[in-house]
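In my numbering, the protein residues as written are 896 to 1316. Backbone N, C-alpha and C fix where the C-beta goes; we use that ideal spot for every residue, glycine too.
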């Protein structure tokens, strides 16, 4: 097993160090004809950013494949479905991602499957690996037996309470000695650095120049604060980040800034666009699908063509035509078509990403692995999880900021509890 791992806080250059390690590995043992680097992440956003970073690695020359680990598991199961059936592995449904990864891990534990993969991909690189559940770790630990493996992770950035203690970190430290990075490079603003370090240490973050914590006492005041922050941002992209959409506080604040000028200085209105999740984008299409039960292919095409035009709809129409032409099918179920739409939405988000705007609103989960010049955090009453989870949420939101960050809590009472105390 040849394994290189790097750990460190948000913004310390883990991905940059991973690219350096990849360049060193390629210099020592260049890729052969037909070989590529396999780059894996859990989140789609991390995959897109990793794809950009890989394009800068000397000697790689675009000879890589960058996909989510769920996508790779799905492809592996399709390629080896005959062996999976012979081994008694039940084929998971398209939306059973954990089960797909577990089945793929079972296949990769077989030398013939692992050898087939590593013949094409002698180097496997995994970024933001702390988010991998045991089913995905099963895939990675099997691949690491044959492929040169490079991993970057930070346990504190994992937001899944079920992954405490973190299985990836435990496995990684058991098989190698990770390189530890400590210097944050994303920002040099002292107040941001001090606040992030305090939150990681379980201490109260202290406001300073470039980092503010304010109590709103209601939606109008919070909206005025947000409009003012945008007005005086001094350029750059601003992310409005919230740890929870429950209760509607964040949505109400953003809506008010979008629709009205706010505060005594009458700042705004400003166009802030909510970033949609993959599930929201899929639901927007499937909710409008006028189909029930099992229908003929012509009816399916008519219903699909009535939906708003998009790449996912276009590809689903092509799939229906292929089923009729190449496989002779005359009927399809609504469930099948919904599954194809969901798969096409996921594929297109992986390839093309999402729209980018100057002012974007999103959840902490959507903001992970990204960076913005300014970050405005809306902290509502209704946030699930224990004190540790809330500290991780605030840390992940705060560390997206390069120049400034403002935290606005729904009511001053919140300042007397974690993560502010």
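Spatial neighbours of residue 1108 in its own chain (CB-CB distance under 6 angstroms, excluding positions within 5 residues in sequence) are listed in chain order as 1102 and 1302.
For residue 1104, the CB contacts under 8 angstroms within the same chain, skipping 5 residues up- and downstream, are 1084, 1085 and 1086 in chain order. The Cβ-Cβ distance between residue 1257 and residue 1136 falls below 8 angstroms. In this structure residue 1048 is not in contact with residue 1074, their Cβ atoms being roughly 11 angstroms apart against a cut-off of 8 angstroms. In the three-state DSSP reduction, residue 964 falls in the helix class (H, G or I). Annotation for residue 980: the continuous alpha helix (DSSP H) segment containing it runs 976-981. The C-beta of residue 1127 has fewer than 16 other C-beta atoms within 10 Å across all chains shown, which makes the residue exposed. Within the same chain, Cβ atoms closer than 6 angstroms to the Cβ of residue 946 are found at 961, the five residues on either side in sequence being excluded. The three-state secondary structure of residue 1240, taken from DSSP, is helix. The DSSP-derived three-state label of residue 938 is coil.
Taking a C-beta distance under 8 angstroms as the contact criterion, residue 1273 and residue 1117 qualify as a contact pair.
Boundaries for residue 1267: no alpha helix (DSSP H) harbours it, while the beta strand (DSSP E) harbouring it runs 1267-1274, taken from the DSSP string. Residue 1203 and residue 1072 have their alpha carbons spaced roughly 52 angstroms apart.
Note on geometry: alpha-carbon atoms of residue 1114 and residue 1152 lie some 10 angstroms from one another. About 6 angstroms separates the beta carbons of residue 1070 and residue 896, which is inside the 8 angstroms limit, making them a contact pair.
The three-state reading of DSSP puts residue 1015 in helix, counting H, G and I together. Looking at the backbone, the Cα of residue 1051 and that of residue 903 are separated by about 9 angstroms. Rounded to the nearest angstrom, the Cβ distance from residue 1035 to residue 1027 is 7 angstroms, consistent with a contact under 8 angstroms.
Non-local C-beta neighbours of residue 1154 in its own chain, meaning closer than 7 angstroms and more than five positions away in sequence, comprise 1164, ordered along the chain.
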